[in-house]
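Residue numbers (UniProt numbering): 1 to 122.
Take a look at the structure set out below.
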């Protein structure tokens, strides 16, 4: 079985504004981001209105429009509080992904086997 990683980005209303798929499941989050078209558009106004940002977990690096949680808080209550705020805000994205999976139940466990290059068998 081959696993692929997907990136779903939604707004505060759970509307998908960006989707990227096709990287191997073993690919690190930051590598997937760098290879996506989103990486080149992060600092542009193509996806974000003025003042809007993208929230990420600690697997990403902070950028002007990408705010990430702290990997290690060291017990610093400000960092712990910040991470909690980020986590609460990111719940909407998890709900969006859950809605997608509920709408298209086949996305839950879509098992594919690869045949010859260019062919895929279900």
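Using N, Cα and C, we set each Cβ at its ideal position, and we do this for glycine too.
{"query": "Nonlocal neighbours in the same chain, by C-beta distance under 8 angstroms from residue 60, ignoring five residues either side", "result": "29, 30, 33, 66, 68"}
{"query": "Residues sharing a beta bridge with residue 70, DSSP", "result": "Answer is none; residue 70 lacks a bridge partner."}
{"query": "Euclidean distance between Cα positions of residue 103 and residue 96", "result": "11 angstroms"}
{"query": "Identified DSSP bridge partners for residue 82", "result": "None, per the DSSP bridge assignment."}
{"query": "4 or more residues per run - each alpha helix (DSSP H) lying fully within the stretch 5 to 37", "result": "29 to 35"}
{"query": "Residue 51: first and last residue of the uninterrupted beta strand (DSSP E) it sits in", "result": "Premise fails: residue 51 is in no beta strand (DSSP E) and is neither H nor E."}
{"query": "Helix, strand or coil at residue 98 [DSSP, three-state]", "result": "helix"}
{"query": "Whether residue 71 touches residue 58 by CB criterion (7 angstroms)", "result": "yes"}
{"query": "Local conformation of residue 56 per DSSP, three classes", "result": "strand"}
{"query": "Close beta carbons around residue 98, own chain, < 7 angstroms, minus the five adjacent residues each side", "result": "none"}
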